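Under this note's numbering, the residues of the sequence shown are numbered 6 to 193, in order. Glycine included, every Cβ here is placed at the ideal spot set by N, Cα and C. As the structure is a computational prediction, the values presented were derived from the model and not from experiment.
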Amino acid sequence: MIDRREDILQVSAKLFSESGYDNTSTRELAKAVDLSIAGLYYFFRSKEEILFSILDASAGELLASVRSAIKEDDDPQVNIARAIEYIVKHVITRRMAIGLIIRERNRLSPKQLEIINDKERVIFNLIRGELARLDEQGRLKSFHLTALTFALIAIVHWTYRWFNVHGSLTVEAFTAEMIDLFFNGALK
Numbered sequence: 006m007i008d009r010r011e012d013i014l015q016v017s018a019k020l021f022s023e024s025g026y027d028n029t030s031t032r033e034l035a036k037a038v039d040l041s042i043a044g045l046y047y048f049f050r051s052k053e054e055i056l057f058s059i060l061d062a063s064a065g066e067l068l069a070s071v072r073s074a075i076k077e078d079d080d081p082q083v084n085i086a087r088a089i090e091y092i093v094k095h096v097i098t099r100r101m102a103i104g105l106i107i108r109e110r111n112r113l114s115p116k117q118l119e120i121i122n123d124k125e126r127v128i129f130n131l132i133r134g135e136l137a138r139l140d141e142q143g144r145l146k147s148f149h150l151t152a153l154t155f156a157l158i159a160i161v162h163w164t165y166r167w168f169n170v171h172g173s174l175t176v177e178a179f180t181a182e183m184i185d186l187f188f189n190g191a192l193k
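Here it is as structure tokens:
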């Protein structure tokens, strides 16, 4: 049953990404996964629940990645570099879900949106905390830490729109360039 739910989520993410949430009917979703509408509702109560499940799983995976990147005993610059690496990999491998988080989050109920926002807030605070550590060590230029945190997150999140995994720039090379760009523009 878990594999079937995951199949529904993957196919739905693809359809929502290609056609948009509003333009993808429940009938199309059911047909794409070879189920009746009643069969689809066996796994999910609604199309909104499918969207929420896609977004919540992605936000949860991203949060777990960022948490694993931040190690208390490591230098904050190392932690931030590792967080950038993990976020880039997540964004590129889960690009459809990231795009949906950015474009379709307004389709969620207030409670569902709060769950996603809470995870994003924790990610934000983890990264901001590491930037604050750098600032406390006197290693940052005079930046507003909240704005700098948002800038870092925006730099890596928007790669879902343009990064071509089959292009000449590898994920590893891109990540190295983003880390270099971020730190050489922010460090003293």
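Name the residue from A178, Q82, Y165 and G104 whose alpha carbon lies nearest to the alpha carbon of G143. Of the candidates A178, Q82, Y165 and G104, the residue whose Cα lies closest to the Cα of G143 is Q82.
List, from N- to C-terminal side, the alpha helix (DSSP H) runs of 4 residues or more that fit wholly inside the segment 114 to 157. 115 to 141
Taking Cβ positions, are K124 and A64 nearer each other than 8 Å? yes
Whole-Å CB distance - I92 paired with V170, under 8 Å assumed: Their Cβ separation, rounded to whole angstroms, is 16 Å, which puts I92 and V170 out of contact at 8 Å.
Rounded to whole angstroms, what's the CA-CA distance from F48 to R10? Just pull it up for me. The C-alpha of R10 is placed about 6 Å away from the C-alpha of F48.
Taking the alpha-carbon of E198 as reference, which of V161, H149, Y165 and G172 has the nearest alpha-carbon? What is shown of the chain runs 6 to 193, which leaves residue 198 out entirely.
What residue does the alpha helix (DSSP H) around S63 start on, and which one ends it? K52 to A74
Less than 8 Å between C-beta atoms, sequence neighbours within five positions excluded: which residues of the same chain meet that for R110? L60, L118 and I121
On the premise that L145 lies in contact with L139, defined as a C-beta separation below 8 Å, what is that separation, rounded to the nearest angstrom? 5 Å
For N84, the first and last residue of its enclosing alpha helix (DSSP H): P81 to T98
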